[in-house]
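One rule links them: number in the working numbering = place in the sequence shown (from 1) + 56. All residues carry an ideal CB built from backbone N, CA and C; glycine is no exception. Take a look at the structure set out below.
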Amino acid sequence: MHTTPAAYRDQPDWQALQRLLPARLHLTEQTAPTEEFWPWRGHEIHLDRYPAPAAPAKILLHHGVGTNGRHLTLILGAPLARRGFETIALDNLGYGLTRLRRGHTPTYEDWVDLVVDYLAHERARDDRPIILYGLSAGGMLAYHVAAKAPANTLHGIVGMTFLDQRVQQVRDETAHDLLNARVGAPFLRLLAPTPAGRVRYPMTLAAKMSALVNDPAALRLMIADPTSAGNRVPIRFLSSYLNYRPAVEPEDFTACPILLTQPARDRWSPPHLAESFLSRITRVPVQRVLLENAGHYPLEEPGLRQLEDAVAEFATATTLPGPDSRSAG
């Protein structure tokens, strides 16, 4: 039986995964982030943080439905901290080491509200600019958060991909199979408001988790980890994720600049799915960077260095002081 520890320092899953990453990204006791919990509506939200009070900007990292915050710390949080940014990797409800309030069945709307409220919490601490990065489903979450948050909350958002799950083509290409995409999604919507909405469904059966990472050994490790790809989520969450309507549609989005960091060898979310959404955004700058040789959760060079460079450059450009900084890029 898998027991969830209180801290990542005691969890072997990510430690096994990091051995498959380039040695420069391996964390030690000396280079690991501080771990803390932030209370939100009766939940305890786990954070990996590299505090840097003098840093010019903060970068908040959000996982997808097959990863967790520590996975983001490995490939971005620690490298960006070494470049002088303050970074925070968050575990949302039901993932990582976040502790759910007893009896609560989370929805995707909860995920969005949690990040919106956490950003307000960070802005209350100090007024440094914040960039929000999302991997996989976290990319679209970054958009949903930026669309809902008060004006000037974010200086920019970065997504590994942007998947509008309301679009049938997106469901067809990212679900586990066509039956799930065509029949399962409407069935989940019927079940969601009933007591059956609390039933937990394996993400390995709901989504194309076999394409999460291109290294077979890494895939086995992540699928065996119930805090990430091996997770089971409530039917209510899945339904709300598939049907979420943003506070602002892309044609009217003006909150902040956007960067897409698209892995070149992504077998789960090909570039055209993100492009179908991003092409509708015309009122803010939208940049695109292709990560060479990289899979959906990237383990490969040079894509990993390109990801780090792209996010650091975007964060610097969009947080420079001056009247035109919010439209940089």
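Pairwise C-alpha distance: residue j and residue i
| i | j | result |
| --- | --- | --- |
| Asp-380 | Asp-233 | Since pLDDT at Asp-380 reaches only 45, below the 50 mark, its modelled position is unreliable, and the value read off the structure follows with that caveat. Looking at the two C-alpha atoms, the distance is approximately 46 Å. |
| Pro-68 | Ala-231 | 29 Å |
| Ala-313 | Glu-142 | The residue you asked about is not Ala; residue 313 is Pro in the sequence shown. Using only the alpha carbons, I get a separation of about 20 Å. |
| Leu-275 | Pro-326 | 19 Å |
| Asn-208 | Ala-311 | 7 Å |
| Asp-173 | Leu-146 | 13 Å |
| Thr-372 | Ser-296 | 34 Å |
| Asn-236 | Met-265 | 13 Å |
| Met-57 | Ala-111 | Confidence at Met-57 is low in this model, with a pLDDT of 47, below 50, so its placement is unreliable and the value that follows should be read with caution. The alpha-carbon atoms of Met-57 and Ala-111 are separated by roughly 42 Å. |
| Asp-66 | Leu-153 | 11 Å |
| Gly-351 | Leu-247 | 34 Å |
| Thr-161 | Ala-198 | 22 Å |
| Arg-336 | Pro-306 | 6 Å |
| Leu-346 | Arg-158 | 42 Å |
| Leu-128 | Gly-120 | 10 Å |
| Arg-344 | Arg-97 | 36 Å |
| Gln-362 | Leu-329 | 21 Å |
| Leu-175 | Leu-244 | 31 Å |
| Leu-73 | Leu-277 | 7 Å |
| Leu-117 | Phe-293 | 21 Å |
| Leu-191 | Arg-339 | 23 Å |
| Tyr-300 | Met-196 | 10 Å |
| Pro-61 | Asp-308 | 43 Å |
| Pro-358 | Leu-77 | 12 Å |
| Ser-383 | Leu-136 | Reliability of the predicted coordinates at Ser-383 is poor, the pLDDT of 40 falling under 50, and the value obtained from them is presented with this limitation in mind. Using only the alpha carbons, I get a separation of about 22 Å. |
| Asp-220 | Arg-323 | 17 Å |
Nearest-angstrom Cβ-Cβ length linking residue i and residue j, presumed shorter than 8 Å
| i | j | result |
| --- | --- | --- |
| Leu-268 | Ala-285 | 6 Å |
| Leu-81 | Leu-130 | 6 Å |
| Pro-185 | Thr-375 | 4 Å |
| Arg-126 | Trp-70 | 5 Å |
| Pro-282 | Gly-253 | In fact, because the Cβ distance is near 20 Å, the residues do not count as touching under 8 Å. |
| Pro-302 | Ala-203 | 5 Å |
| Gly-140 | Ala-108 | 7 Å |
| Phe-370 | Gly-212 | 6 Å |
| Gly-133 | Tyr-151 | Gly-133 to Tyr-151, Cβ: 16 Å. No contact. |
| Arg-288 | Met-259 | 7 Å |
| Leu-315 | Ala-368 | Contact flag wrong, Cβ pair sits at about 11 Å. |
For residue i, the first and last residue of its enclosing beta strand (DSSP E)
| i | result |
| --- | --- |
| Phe-93 | 90-96 |
| Val-289 | 288-290 |
Residue i - partner residues in DSSP beta bridges
| i | result |
| --- | --- |
| Ala-231 | Ala-263 |
| Pro-319 | Leu-347 |
| Tyr-300 | Paired residues: none, contrary to the question. |
| Tyr-353 | BP columns for Tyr-353 are empty, so no partner. |
| Val-342 | Ile-314 |
Residue range of the alpha helix (DSSP H) that includes residue i
| i | result |
| --- | --- |
| Leu-188 | It is not in any alpha helix (DSSP H) - Leu-188 instead sits in the beta strand (DSSP E) that spans 186-190. |
| Pro-327 | 327-334 |
| Arg-138 | 134-138 |
| Pro-258 | Unbroken run through Pro-258 is the beta strand (DSSP E), 256-258; no alpha helix (DSSP H). |
| Val-367 | 359-375 |
| Arg-245 | 241-247 |
| Leu-275 | 272-279 |
Any chain B beta carbon closer than 7 Å to residue i
| i | result |
| --- | --- |
| Arg-344 | The chain inventory of the structure shown lacks chain B, comprising one protein chain alone. |
Problem - Complete alpha helix (DSSP H) runs within the segment 60-127 (minimum length 4 residues, chain order) - result: 68-74
Exercise for the section: Starting from the N-terminal side, write out each stretch of the beta strand (DSSP E) that is 3 residues or longer and does not extend beyond the segment 140-227. Expected result: 142-146, 186-190 and 212-215
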